[in-house]
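Residue numbers (the numbering used here): 2 to 304.
Yeah, the Cβ is synthetic: ideal placement off N, Cα and C, and Gly gets one too.
Everything on this sheet refers to the single structure shown next.
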Ligand SMILES: Nc1nc2c(ncn2[C@@H]2O[C@H](COP(=O)(O)OP(=O)(O)OP(=O)(O)O)[C@@H](O)[C@H]2O)c(=O)[nH]1
Ligand SMILES: [Mg+2]
């Protein structure tokens, strides 16, 4: 049996469900997901190891025509880098919106010669009749290798897309150990978990103004202790940064209520990540206009 190994970039407009698809393929959640656009800010590697193939999925930030901040430039750079190294590409669109002008612009930015599959996502939200016209329109705009109407959330048809993706990978041995799911350390995943919860509980401009730093991480020592003793908690000190004083008030909420909710939700998810109790010490600070400030961007790892 030939073994295949290669990378697949998942690209598309913000909020179409790229990170949801990555998590669906991996069978576990490594990418944060939210109903707000521009959730993903960095490239994220997800490794799926099967007997006959290892697929290196690269989740990318959604491409949009928003205000050109330094953060937006970073996102475009991450996007281009992911595409350059990919053996195949999944361009994701959304069934309810159909084939849009923005999708047309994105397809024009794809490097020539790449194998591109079109995944029309969120088919659980539309009547089947709406699919054919958009498939035809998209196919006129680009010679897609194949088109798959899918539901990343429910899983519909994802297996057929996966099979097609494996088929376009080059032959070769696995590059990562079978038990490795991503190249990001737990600490970075924890940082994203805090950001995801902040996104879920805030609105308007606030979600875009949030960045998170893990300031301290002391792992619990469960593995060195007897299994019958309670494992020691992992201590995590994190700071939620916003761009303005007024946003700090919003994030903290009435009597600290919102920050408490964000912290509680983040802690619960981190406990799944660390497989043991977590003590999350969560703070809020202002980093004035950080999305336009190269120093802050660098500190947050966006530069
Ligand atoms: N109904 C439905 N909702 C979905 C589906 N896939 C994703 N979603 C929802 O769409 C929203 C956006 O999903 P994400 O996976 O964060 O989208 P994304 O493309 O990674 O977004 P960015 O990182 O901002 O570019 C979330 O609320 C998901 O739950 C689907 O198949 N059906
Ligand atoms: Mg995403």
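Here the distance from the Cβ of residue 198 to the nearest heavy atom of ligand 1 is not below 7 Å. Taking a cut-off of 8 Å for Cβ pairs, the region 50-59 and the region 133-141 do not touch, as fewer than three such pairs fall below it. Three or more Cβ pairs drawn from the region 57-66 and the region 98-115 lie within less than 8 Å of each other, which places the two stretches in contact. In chain order, 200 and 208 place their CB closer than 7 Å to the CB of residue 37, counting only its own chain and leaving out the 5 sequence neighbours on each side. Going by C-alpha positions, residue 140 is about 42 Å away from residue 290. Judged by DSSP in its simplified three-state form, residue 55 adopts strand. Residue 8 carries a strand assignment under DSSP once its states are collapsed to helix, strand and coil. Taking 3 residues as the minimum length, the beta strand (DSSP E) runs contained wholly in the region 182-243 are 212-219 and 235-243, in order along the chain.
With a 10 Å radius around the Cβ and a threshold of 16 neighbouring Cβ atoms, residue 166 comes out buried. In terms of Cβ geometry, residue 241 and residue 287 do not form a close pair [threshold 8 Å].
One Cα belongs to residue 190, the other to residue 273, and the distance between them is close to 11 Å. Three or more beta-carbon pairs separated by less than 8 Å are not found between the region 11-21 and the region 168-188, which leaves the two stretches without contact. The alpha carbon of residue 299 has as its nearest neighbour, out of 247, 177 and 71, the alpha carbon of 71.
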